[in-house]
Every structure is written in C-alpha cells, then in structure tokens.
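Engineer:
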Amino acid sequence: MNTSMKEPKFIPDSKMDDSADSRKGNERFVVVPLSQKQRRELGIEHYYRPFRLNKEFLSCPRSYLTVKRCLDVLLSAAALAVLWPIPLIFMLAVVIEDPHGTPIFRQKRIGKDGRSFMMYKLRSMYTDAEKQLSFIIDQNEVSGNAFKIKNDPRITRVGRIARKYCIDEMLQLLNVLKADMSLVGPRPPLPQEVAQYDEFERQRLSIRPGLTCYWQVYPHRHEISFDDWVAMDLKYIISRSLKTDIQLILKTFSVIFSGNGD
Numbered sequence: 070m071n072t073s074m075k076e077p078k079f080i081p082d083s084k085m086d087d088s089a090d091s092r093k094g095n096e097r098f099v100v101v102p103l104s105q106k107q108r109r110e111l112g113i114e115h116y117y118r119p120f121r122l123n124k125e126f127l128s129c130p131r132s133y134l135t136v137k138r139c140l141d142v143l144l145s146a147a148a149l150a151v152l153w154p155i156p157l158i159f160m161l162a163v164v165i166e167d168p169h170g171t172p173i174f175r176q177k178r179i180g181k182d183g184r185s186f187m188m189y190k191l192r193s194m195y196t197d198a199e200k201q202l203s204f205i206i207d208q209n210e211v212s213g214n215a216f217k218i219k220n221d222p223r224i225t226r227v228g229r230i231a232r233k234y235c236i237d238e239m240l241q242l243l244n245v246l247k248a249d250m251s252l253v254g255p256r257p258p259l260p261q262e263v264a265q266y267d268e269f270e271r272q273r274l275s276i277r278p279g280l281t282c283y284w285q286v287y288p289h290r291h292e293i294s295f296d297d298w299v300a301m302d303l304k305y306i307i308s309r310s311l312k313t314d315i316q317l318i319l320k321t322f323s324v325i326f327s328g329n330g331d
C-alpha cells in the first residue's frame with residue numbers, strides 16, 4: 070500500500086557535504102558522521118534544514134492508517150501473549166541486582182503533536198541514573214538535542230543484556246496497545262529534549278512515535294548525528310506505507326536476534 074507522496078521540495082543551498090556546518094540559534098555545529106554518499110544511498114540527502122513539511126506531505130490514505138493501527142494491535146497483543154515470561158524473568162533479575170527501585174520504569178515522553186504520555190520500559194539503569202546524568206552530560210556522543218553514550222556507566226549488568234536484545238523495550242508494546250505509540254515511527258523524545266527543538270526538529274512530532282524507525286535499524290546507530298536522525302524520520306513521515314512498515318519491523322527482528330539492539 071503506497072501513500073503516493075510527491076517528491077519533497079527543498080532549498081538547494083541546504084545540501085551539505087561531509088564538512089559542512091550549519092547555524093542553530095547562536096550555536097555552531099558540524100553535521101557528522103554520515104558521508105554525502107551514505108546520505109544518497111539512504112535517500113535522505115534532501116531532508117535537511119531548512120526543509121519544512123506541509124499538509125500535503127503529512128496526509129496519507131485513511132485505509133493505510135486503519136491497517137497500520139490493526140497491525141499495531143494484533144502484533145503487539147500477539148508478542149505480549151507469547152513472550153511475557155521474558156520480561157518477567159528480567160524484572161526479577163533487575164530487582165536482585167538493584168533492589169532499591171521498581172523493575173518497571175515509567176518516563177514522560179512526547180508524542181504526536183507535542184502531547185505527552187507515560188512510556189514504559191524495563192528498568193535497565195540504576196535508580197539514581199537521572200541524578201548521575203549531570204556528571205556525564207559532557208560525554209554525550211550524539212550531536213544535537215539528544216543524549217547517548219555507548220558505555221553508559223548508569224546501566225546495570227542486567228540492563229546491558231536487556232538493551233542488547235531490546236528486551237527493555239518490550240513493555241512499550243503496552244504503549245502501542247494504548248495508542249500512545251505505533252510499532253513504526255520516530256522514537257519518542259524526552260520533554261527536556263523537545264524544549265530545545267527548533268522548528269525543523271519539531272517536525273519529528275508530526276506523527277505517532279514508534280518502537281522502531283530507519284535509524285534504529287541502521288548499523289552503528291549511536292554514531293549517527295541528531296540531524297541525520299531527523300532526516301531519516303522525515304523520510305519515513307513522507308514515504309510511509311504498509312510495505313515500509315513491514316520492512317522496518319522485519320529489519321528490527323534482525324537487529325534483535327543479532328544482539329545489536331544497543
């Protein structure tokens with residue numbers, strides 16, 4: 070099922086090479102690490118500042134949205150019904166390793182059109198992880214309004230295994246059933262990240278967030294810059310279709326089974 074979107078219009082001087090930098094408020098930053106060739110291969114070279122979505126690009130057939138929602142519900146319910154012992158075992162392991170908090174982590178995230186919701190995760194960090202963030206914020210390995218470091222010291226031993234196989238994300242299937250999220254869509258950001266978004270970055274919030282997306286299944290995803298994340302999300306928003314969703318879900322299974330979840 071194809072959404073038959075038109076090729077997006079963009080301003081020519083927004084094209085970037087490997088060393089190009091851009092203005093973001095008063096801050097100067099470098100767009101790394103994807104090369105221009107990689108961006109062409111991924112089909113995201115057009116989706117950079119100052120690219121703007123409009124209603125024409127956001128609209129898609131109602132039949133696609135209906136089928137997508139049915140797919141979300143059916144696959145999420147089936148996965149929870151079959152795989153429920155796995156998160157249960159890890160919850161027990163989390164409590165044994167760090168008994169000072171609940172094994173289920175609830176965190177406010179921002180969804181479609183800026184609406185907030187509580188996202189569920191299996192706790193993979195120590196209970197004082199939020200307090201520790203201020204001590205390691207300068208180690209951020211992702212440019213832009215997001216925080217990621219490969220060897221985060223706040224992650225427990227059980228948490229590292231859970232993240233490697235995406236087990237910590239399984240509880241988000243409940244968010245999918247509640248219609249807070251979809252199986253496929255841009256990953257939901259934190260409120261403090263969204264507070265720093267500019268108009269370009271807020272375009273990620275145009276549709277319901279998801280469990281997986283283009284950059285989630287890209288090799289070495291933690292080495293991708295935030296602008297490249299946004300470009301991949303914009304590509305999905307404009308070209309989304311049932312075929313694309315199924316392809317991304319299948320690629321996600323490949324990432325999980327290979328142990329490259331995080």
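70 is the number of the first residue of the sequence shown in the working numbering; add one for each residue after it. Backbone N, C-alpha and C fix where the C-beta goes; we use that ideal spot for every residue, glycine too.
On a Cα-Cα basis, can you pick out the residue from 304, 313, 112 and 173 that is closest to residue 241?
Structural biologist: One-based indexing of the sequence shown puts residue 241 at position 172. Of 304, 313, 112 and 173, the residue nearest in Cα terms is 173.
Engineer: Using the three-state DSSP reduction, which class does residue 269 fall into: helix, strand or coil?
Structural biologist: Mapped onto the sequence shown, residue 269 falls at position 200. If DSSP states are grouped into helix, strand and coil, residue 269 belongs with coil.
Engineer: Between 275, 281, 296 and 292, which has its C-alpha nearest residue 417's C-alpha?
Structural biologist: Given a span of 70 to 331 for the chain in the structure shown, any question on residue 417 remains unanswerable.
Engineer: Taking only three categories from DSSP, how would you classify residue 180?
Structural biologist: If you number the sequence shown from 1, residue 180 lands on position 111. Correct three-state label for residue 180: coil.
Engineer: Using 10 angstroms around the beta-carbon of residue 187, count the other beta-carbons present and answer buried if the total reaches 16, otherwise exposed.
Structural biologist: Sequence index remark: in the sequence shown, residue 187 carries index 118 (1-based). It is exposed - the Cβ of residue 187 has fewer than 16 other Cβ atoms within 10 Å.
Engineer: For residue 321, tell me which candidate among 113, 179 and 235 has the shortest Cα-Cα distance.
Structural biologist: Looking up residue 321 in the sequence shown gives position 252. Of the listed residues, the one whose Cα sits closest to residue 321 is 235.
Engineer: If distances are taken between C-alpha atoms only, which option among 273, 123, 106 and 141 comes closest to residue 303?
Structural biologist: Locating residue 303 in the sequence shown gives position 234, counting from the first residue. Of the candidates 273, 123, 106 and 141, the one whose C-alpha sits nearest the C-alpha of residue 303 is 273.
Engineer: Note the first and the last residue of the continuous alpha helix (DSSP H) segment covering residue 228.
Structural biologist: By one-based count along the sequence shown, residue 228 stands at place 159. That run of the alpha helix (DSSP H) goes 226 to 233.
Engineer: By the DSSP assignment, the alpha helix (DSSP H) with residue 286 in it spans what residues?
Structural biologist: Locating residue 286 in the sequence shown gives position 217, counting from the first residue. Element bounds for residue 286: n/a, residue is neither H nor E.
Engineer: In whole angstroms, give me the CA-to-CA distance for residue 246 and residue 129.
Structural biologist: Walking along the sequence shown from the start, residue 246 turns up at place 177. Walking along the sequence shown from the start, residue 129 turns up at place 60. Cα to Cα, the separation comes out at about 22 Å.
Engineer: In terms of residues, what are the limits of the alpha helix (DSSP H) holding residue 305?
Structural biologist: On the sequence shown, residue 305 is found 236 positions in, with the first residue counted as 1. Element bounds for residue 305: 295 to 308.
Engineer: The alpha helix (DSSP H) with residue 160 in it runs from where to where?
Structural biologist: Position 91 of the sequence shown, counted from the first residue, corresponds to residue 160. Here the alpha helix (DSSP H) through residue 160 covers 154 to 166.
Engineer: Tell me which residue opens and which closes the alpha helix (DSSP H) that residue 126 is part of.
Structural biologist: The residue you call residue 126 lines up with position 57 of the sequence shown. Looking at the DSSP string, the run of the alpha helix (DSSP H) that includes residue 126 is 124 to 127.
Engineer: Below 8 Å on the Cβ atoms is my guess for residue 255 versus residue 288; work out the distance and round it to an integer in Å.
Structural biologist: For the purposes of this step, residue 255 is taken as residue 186 along the sequence shown, with counting starting at 1. For the purposes of this step, residue 288 is taken as residue 219 along the sequence shown, with counting starting at 1. The Cβ separation is near 19 Å, so there is no contact.
Engineer: Just grab the DSSP bridge partners of residue 44 for me.
Structural biologist: In the structure as shown, the chain starts at 70 and stops at 331, and residue 44 therefore has no counterpart that could be examined.
Engineer: Measuring straight from C-alpha to C-alpha, what distance separates residue 229 and residue 163?
Structural biologist: Reading the sequence shown from its first residue, position 160 is the one you call residue 229. Reading the sequence shown from its first residue, position 94 is the one you call residue 163. Looking at the two C-alpha atoms, the distance is approximately 11 Å.
Engineer: Give the secondary structure of residue 323 by DSSP, where H, G and I count as helix, E and B as strand, and everything else as coil.
Structural biologist: In the sequence shown, the residue the question calls residue 323 occupies position 254. Three-state result, residue 323: helix.
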